[in-house]
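Residue 269 is where the sequence shown starts when you use my numbering, and the numbers rise one by one after that.
Note that the Cβ used here is the ideal one computed from N, Cα and C, for glycine as well.
Data block below; observations after.
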Amino acid sequence: MTSQVSSEAGEALLGEQRSAPAEARNGAEKEVRRLDRVIIRFAGDSGDGMQLTGDRFTSETASFGNDLSTLPNFPAEIRAPAGTLPGVSSFQLHFADHDILTPGDAPNVLVAMNPAALKANIADVPRGGEIIVNTDEFAKRAMAKVGYAQSPLEDGSLDGYRVHPVPLTTLTIEALKEFGLSRKEAERSKNMFALGLLSWMYHRPTEGTEVFLRSKFAKKPQIAEANVAAFRAGWNFGETTEDFAVSYEVAPATRAFPTGIYRNISGNLALSYGLIAAAKQAELPLYLGSYPITPASDILHELSRHKNFGVRTFQAEDEIAGIGAALGAAFGGSLAVTTTSGPGVALKSETIGLAVSLELPLLIVDIQRGGPSTGLPTKTEQADLLQAMYGRNGEAPVPVVAPKTPADCFDAALEAARIALTYRTPVFLLSDGYLANGSEPWRIPEVADLPDLRTPFATGPNHTQADGTEVFWPYKRDPETLARPWAVPGTPGLEHRIGGIEKQDGTGNISYDPANHEFMVRTRQAKIDGIDVPDIETDDPDGARTLVLGWGSTYGPITAAVRRIRREGGHIAQAHLRHLNPFPKNLGEVLKRYEKVVIPEMNLGQLATLVRAEFLVDARSHTQVNGMPFKAEQLAAALKEAIDA
269 MTSQVSSEAG
279 EALLGEQRSA
289 PAEARNGAEK
299 EVRRLDRVII
309 RFAGDSGDGM
319 QLTGDRFTSE
329 TASFGNDLST
339 LPNFPAEIRA
349 PAGTLPGVSS
359 FQLHFADHDI
369 LTPGDAPNVL
379 VAMNPAALKA
389 NIADVPRGGE
399 IIVNTDEFAK
409 RAMAKVGYAQ
419 SPLEDGSLDG
429 YRVHPVPLTT
439 LTIEALKEFG
449 LSRKEAERSK
459 NMFALGLLSW
469 MYHRPTEGTE
479 VFLRSKFAKK
489 PQIAEANVAA
499 FRAGWNFGET
509 TEDFAVSYEV
519 APATRAFPTG
529 IYRNISGNLA
539 LSYGLIAAAK
549 QAELPLYLGS
559 YPITPASDIL
569 HELSRHKNFG
579 VRTFQAEDEI
589 AGIGAALGAA
599 FGGSLAVTTT
609 SGPGVALKSE
619 TIGLAVSLEL
629 PLLIVDIQRG
639 GPSTGLPTKT
649 EQADLLQAMY
659 GRNGEAPVPV
669 VAPKTPADCF
679 DAALEAARIA
689 LTYRTPVFLL
699 SDGYLANGSE
709 PWRIPEVADL
719 PDLRTPFATG
729 PNHTQADGTE
739 VFWPYKRDPE
749 TLARPWAVPG
759 TPGLEHRIGG
769 IEKQDGTGNI
779 SYDPANHEFM
789 VRTRQAKIDG
799 IDVPDIETDD
809 PDGARTLVLG
819 WGSTYGPITA
829 AVRRIRREGG
839 HIAQAHLRHL
849 NPFPKNLGEV
859 LKRYEKVVIP
869 EMNLGQLATL
879 VRAEFLVDAR
889 SHTQVNGMPF
899 KAEQLAAALK
909 EAIDA
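Encoded structure:
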């Protein structure tokens, strides 16, 4: 869903909301309160449709013009037993009338569809927060499953919260009587009832959701209309019940965005669009060789829909076959990509080393998750950095690029493609589960503003021998980039060998010569070291003594924490890395300007290890590996400690 954002449009939308106050059934107007931001968390069983509910609320919020950030949280098990703590699925949305950076530390509103959802999430809700509870699910057996000896709705444990007991299941079934559905079929629409209620509470548009439901269930019109009816019933319940005496307005974030056309986008979707755009800008076919793995599979699913853009997708039988096919496509002249997560990178490592030796452009997209081994498939982590840097045999340097926000995944994909094509090298793109599944507004770029990524193929001989014969040398290098020529197979006169055994400089013939091997190793390293990357920029308005340095998805929490510290009068500088190999050339100079350097990471200090080794700076780590992104408040406390130490 897209929206045109400008100050005039925002004022018009806001005016419409002001002119339509909700009215109770007895004719009395309900109170409407203005808020600058809200954090809502939908939580329920993995079969309750919480991700769909959150997605729809997010889409309508994006169309209204709020800034937003989301955090979907999936169960680690494919289908945990219903009503259990391992089976709880949640979706958190933070939306505001100003620029925001994270999905929020704690929800102002929790929608709990069952006892497990309440128990798993209540610790995150601050005292005074609102809790909407589906009372129909609070039967003795359901409560016993999660350790409730007696109902938390009756034992006083929720007295510090504003609790709204709502029989969501009963109300949904009653609203759908006319459709002749079975009880089980009708119950499935209770998430739409909850969505309608929250849409009323926060004055969200409704038309888009109704259109979506009729489209999603187009082949089952009865189910479509039942879901629409449940959605409307939830909205009407909010308007008429006395339990919800207040609704809330959060105005569009008219000052947060430059004028343009925006849409809500997740990291994996933005990355997919970035890959398509890169291929179009390079005038090359896009080839994806992949094996499904959480949380990277969405990229395979999305790219498979875009054959009209010259995209070819291959779902291989395993990780090794996926990257092998992609490398073959790179040899054949495509912009080649393989997508995976940490365990898949381990399996692909030998072929990545082969790509280093062959010096062909190849994008390795690693959507990081909790490890080691299978680890936490649905949770986020940043622990693959050293694997991306060094996880191959021999000296096999590979550039590493990391996006910082879901929308930034688009630009990071273009940048990774630029490096791969210009320097003829495999490139790692390190996203993670937090970015992949999270979403935010994205300003759709103009095609004219995208970089020109066209790269010429070799077309003829490039070397003259001593006897005057003109020949093609596949490893003769560009003097500026050290890239070798890219020759499409089948081009007459450009026949050459490929393979994993060391190549002779220039000719590409097999070579076991020690001096040649050392020369080739150092040349490949020099090529990576010489990649042109932008200088790192420092945000330091007050001349701070402490610098917080981040990479990847820590950008949002770090920036939010830095803003908190500055609002309270503290002085702290911030810098964020997109390029992790090679580092920006001015990074060492920037680091030495500060007395203290703190590096927050969702690992045990991998970037800090690299920084200490490279620049001999006593960088301090602040780490967590709990499968969740940093909370801004906790990070701000840790940074204050570092400043005061």
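Does the Cβ-Cβ distance between residue i and residue j come in under 8 Å?
i, j, result
"residue 587", "residue 555", "no"
"residue 633", "residue 567", "yes"
"residue 561", "residue 612", "yes"
"residue 413", "residue 440", "no"
"residue 322", "residue 361", "yes"
"residue 327", "residue 370", "no"
"residue 629", "residue 580", "no"
"residue 550", "residue 685", "yes"
"residue 393", "residue 429", "yes"
"residue 299", "residue 514", "yes"
"residue 571", "residue 601", "no"
"residue 729", "residue 742", "no"
"residue 696", "residue 739", "no"
"residue 843", "residue 806", "yes"
"residue 589", "residue 604", "no"
"residue 610", "residue 583", "no"
Residue range of the beta strand (DSSP E) that residue i falls in?
i, result
"residue 401", "398-402"
"residue 528", "528-534"
"residue 866", "864-869"
"residue 523", "Unbroken run through residue 523: none, as it is neither H nor E."
"residue 306", "305-313"
"residue 903", "Run containing residue 903: none in the beta strand (DSSP E); it sits in the alpha helix (DSSP H), 900-912."
"residue 433", "430-434"
"residue 888", "888-891"
"residue 816", "814-819"
"residue 558", "554-558"
"residue 633", "630-636"
Determine the direct distance from the alpha carbon of residue j to that of residue i, and round the result to whole angstroms.
i, j, result
"residue 777", "residue 765", "7 Å"
"residue 486", "residue 877", "54 Å"
"residue 855", "residue 688", "22 Å"
"residue 378", "residue 745", "60 Å"
"residue 543", "residue 784", "36 Å"
"residue 862", "residue 365", "35 Å"
"residue 904", "residue 890", "11 Å"
"residue 894", "residue 867", "17 Å"
"residue 914", "residue 888", "No answer is possible for residue 914: the residues shown for the chain start at 269 and end at 913."
"residue 748", "residue 845", "25 Å"
"residue 849", "residue 461", "49 Å"
"residue 409", "residue 351", "10 Å"
"residue 819", "residue 297", "49 Å"
"residue 546", "residue 853", "25 Å"
"residue 835", "residue 828", "11 Å"
"residue 817", "residue 873", "12 Å"
"residue 506", "residue 301", "15 Å"
"residue 445", "residue 456", "14 Å"
Let's see if you can read the secondary structure: which residues bound the alpha helix (DSSP H) around residue i?
i, result
"residue 785", "782-797"
"residue 922", "This structure cannot speak to residue 922, because the chain is shown only from 269 to 913."
"residue 569", "565-571"
"residue 504", "489-508"
"residue 877", "874-883"
"residue 479", "475-484"
"residue 658", "653-658"
"residue 448", "Counting along the chain, residue 448 falls outside any alpha helix (DSSP H), and DSSP gives it neither H nor E."
"residue 620", "610-626"
"residue 849", "Element bounds for residue 849: not the alpha helix (DSSP H) but the beta strand (DSSP E), 847-849."
"residue 647", "Per DSSP, residue 647 belongs to no alpha helix (DSSP H) and is neither H nor E."
At least one CB of chain B closer than 8 Å to the CB of residue i: is that the case?
i, result
"residue 747", "Among the chains of the structure shown, chain B does not appear; only one protein chain is present."
May I ask whether a heavy atom of the ligand MN can be found less than 7 Å away from the beta carbon of residue i?
i, result
"residue 329", "Ligands in the displayed structure: none, and consequently the ligand MN is not present."
>> My parser needs the beta strand (DSSP E) runs of 3 or more residues fully inside the stretch 321-381; what are they?
In response: 335-341, 356-364, 377-380
>> Does the contact criterion of 3 or more C-beta pairs under 8 Å hold for the stretch 710-722 versus the stretch 355-367?
In response: no
> Hey, which unbroken runs of the alpha helix (DSSP H) at 4 residues or more fall wholly within the stretch 664-739?
Replying inline: 676-691, 701-705
> Three or more beta-carbon pairs under 8 Å between the stretch 671-688 and the stretch 643-660, yes or no?
Replying inline: no
> Would you say the stretch 338-347 touches the stretch 481-500, given that touching needs at least three Cβ pairs under 8 Å?
Replying inline: no
> Would you say the stretch 528-536 touches the stretch 701-710, given that touching needs at least three Cβ pairs under 8 Å?
Replying inline: yes
> Counting Cβ pairs closer than 8 Å, one from the stretch 467-474 and one from the stretch 425-440, do we hit at least three?
Replying inline: no
> Counting only runs that start and end within the stretch 568-602, where is the alpha helix (DSSP H) found for 4 or more residues in a row?
Replying inline: 587-599
> Would you say the stretch 303-310 touches the stretch 522-529, given that touching needs at least three Cβ pairs under 8 Å?
Replying inline: no
> Counting pairs of beta carbons, one from the stretch 617-625 and one from the stretch 653-667, are three or more of them closer than 8 Å?
Replying inline: yes
> Can we say the stretch 835-843 touches the stretch 803-812, given the rule of at least three CB pairs closer than 8 Å?
Replying inline: yes
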